[in-house]
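Residue numbers (the working numbering), protein chains in the order written: chain A, 2 to 320; chain B, 2 to 298.
The C-beta atom is built at its ideal place from N, Cα and C for all residues, glycine as well.
Note sheet for the following structure.
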């Protein structure tokens, strides 16, 4: 039996397939590019080509696009990213006490004590220091994102960059560039700034104890990892499947729910070939004027999202 | 004559007083609708950029009302308790609106000092005289309105669910369901009941603020802190959720004071602004409830 986890994030959509022992047998990382439905379908196509005949015993959906993904695939568990990340980390190591998770648009800190979440925080109104911002800076400096962290490691001296705000950081970087500072030093400065910003905002007032896990797409960035180690004076562990931890966690939760229910709601890998359409309209039934999204699979209406009263989205469950 | 009352800011707390007062004066009343997207858009359009969301939304309520009434109430609430004040944006609210929204009808903007019946009556006389010359009528309208306000009980006190949280913050963030994205309903769906500060005796709040090195200057800061501190000390709830408007200066102080007071007790801060996408709020609320319920395994 296999278990599937789908994490639809702002930047990437990740799918993982776990075996009976919760070992990752497949992981797929797709850029969401604003089309969560297409991203999930693309992932399913890859899975279908490789594993058409396997039995899937449970599925879970997480990420900011978890609700749409859950309707799409027939998820057994729909869980927020924090719980999912915590479950995955604890599956790997029961000793984890702190999780630093930096994704495309969110950064979070999760404090675990005795194997349960005891506190967490997320970035509030600003996405400075998250993956999207680093992506954009890499693009601007014409450096492939994969090499961004290595640049930082080649620097001997960090140039100070303002880290509080993405706009300030960017203009500070440009000013320093124009003064002729070395690219590597600027990038190391940026890594330090992002870590400083993270610890002062998201991590403010939190007791960061080892073991510290670093997860999410940004954990690929060695420059940021090293900057965290310097700032905290602790070893930072980047787990092998750092970039799909949310999907792993929710696959585990999907397994638990499906086992409890005695069956899975999974709609099957054939979903890859379905034709999906989404229409949005403004509901005029009350003054809220909700923007409702209607999801259609092969001309069949499968769900609605975005209404405040639940009138449209509840209709889904009846179908 | 038609009097317009915008359904924003402290309307939720004091509407029985205002609506009954004007009703008794025999005018026609028009209250704006519940906050909605159009009102938000109008508000953001007119209001100065660095105001908080609730102030912007109040501007929106004024904008949709202005053509429907002959005179509009923009309460300049200065004080609701002795030696304490309300956020400074309330003192300057009429000016902010007059200078940004064109073609307004006449405005009732007399300052309101509501810490005593006598002081509040000063407002009633001034506001009432814009509508009628009949002093007795103003007086009886005032008495009736005060009585109705005293009868009114706002707030939540739901202890029937598996978990209970204290919902803390400025009243307009707690009671405007558009601003807070229906948080009470969301929590209930997750099996969480909500209690609010209105169900805490006023003298118990005084008891709590003794922990501070200085008496709070702001009434809502006093209430939020006192309430949070009380539910924490008496262990009345499983956790505290604080709804805070982005860029609110008072909140930035109160939240730190609360954190200092409650230590490791579960606290979730929800920052709200113009966004209407609910995914971010849902994630935080859901994760918080998971944590409280130790729902991991």
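Fully contained in the segment 109-135 of chain B are the following alpha helix (DSSP H) runs of length 4 or more, in chain order: 118-130.
Going by DSSP, residue 92 of chain B is part of the alpha helix (DSSP H) stretching over 89-92. Per DSSP, residue 49 of chain B lies in no alpha helix (DSSP H) segment and is marked neither H nor E. By the neighbour-count definition (other C-beta atoms within 10 Å, threshold 16), residue 245 of chain A is a buried residue. Between residue 45 of chain A and residue 273 of chain A, the gap from beta carbon to beta carbon is short of 8 Å. Interface annotation for the segment 277-308 of chain A against chain B: 288, 289 and 290, criterion Cβ-Cβ distance under 7 Å. The Cβ atoms of residue 7 of chain A and residue 62 of chain A sit closer than 8 Å to each other. Residue 68 of chain A is classed as buried because its beta carbon has at least 16 other beta carbons within 10 Å across all chains shown.
Here the alpha carbons of residue 234 of chain B and residue 155 of chain A stand approximately 52 Å from one another. Close CB contacts of residue 43 of chain A within its chain, under the 6 Å cut and outside five residues either way in sequence, are with 31 (chain order). Closest by C-alpha distance to residue 58 of chain B, out of B:33, B:27, B:152 and B:139, is B:33. For residue 284 of chain B, at least one C-beta of chain A is nearer than 8 Å to its own C-beta.
Between the C-alpha atoms of residue 87 of chain B and residue 26 of chain A there is a straight-line separation of about 60 Å. About 24 Å separates the beta carbons of residue 21 of chain B and residue 288 of chain A, which is beyond the 8 Å limit, so they are not a contact pair.
The beta carbon of residue 280 of chain B sits closer than 8 Å to some beta carbon of chain A. Taken in chain order, the complete beta strand (DSSP E) segments of 3 residues or longer contained in the segment 10-92 of chain A are 13-19, 25-32 and 57-63. Residue 192 of chain A: member of the alpha helix (DSSP H) spanning 184-201, first to last residue. In the three-state reduction of the DSSP assignment, residue 139 of chain B falls in the helix class, which pools H, G and I. Excluding five sequence positions before and after residue 15 of chain A, the CB atoms of its chain that fall closer than 6 Å to its own CB belong to 8, 30, 245 and 248, given in chain order.
Annotation for residue 80 of chain B: the continuous beta strand (DSSP E) segment containing it runs 77-80. By the C-beta density criterion, residue 287 of chain B is buried, having at least 16 other C-beta atoms within 10 angstroms. Of the residues assessed, residue 222 of chain A falls on the buried side of the cut-off, its CB having 16 or more other CB atoms within 10 angstroms.
Taking 8 Å as the CB threshold, residue 65 of chain A lines the interface with chain B.
Assignment of residue 276 of chain A by DSSP, reduced to helix, strand and coil, places it in the coil class.
Checking the DSSP bridge columns, you'll see residue 99 of chain A partnered with A:112 and A:213. Boundaries for residue 164 of chain B: no alpha helix (DSSP H) harbours it, while the beta strand (DSSP E) harbouring it runs 164-169, taken from the DSSP string. A distance below 8 Å between beta-carbons, with the five flanking residues on each side excluded, links residue 149 of chain B to the following residues of its chain, in chain order: 17, 18 and 21. When the Cα atoms are used, residue 251 of chain A and residue 90 of chain B turn out to be separated by approximately 45 Å. Taking 7 Å as the Cβ-Cβ cut-off, the segment 65-88 of chain A approaches chain B at 65, 81, 82, 83, 84, 87 and 88, given in chain order. Residue 177 of chain B is outside the set of residues whose beta carbon lies under 8 Å from a beta carbon in chain A. For the segment 262-297 of chain B, the full-length alpha helix (DSSP H) segments reaching 4 residues or more read 280-293 along the chain. Residue burial annotation: residue 49 of chain B is exposed, with fewer than 16 other C-beta atoms found within 10 angstroms of its C-beta. Residue pairing by DSSP places residue 244 of chain A in no beta bridge whatsoever. In the DSSP assignment, residue 121 of chain A falls within the unbroken beta strand (DSSP E) covering 117-123. Secondary-structure assignment with DSSP links residue 219 of chain B through a beta bridge to B:86.
Any Cβ of chain A closer than 8 Å to the Cβ of residue 187 of chain B would place that residue at the interface, and such an atom is absent.
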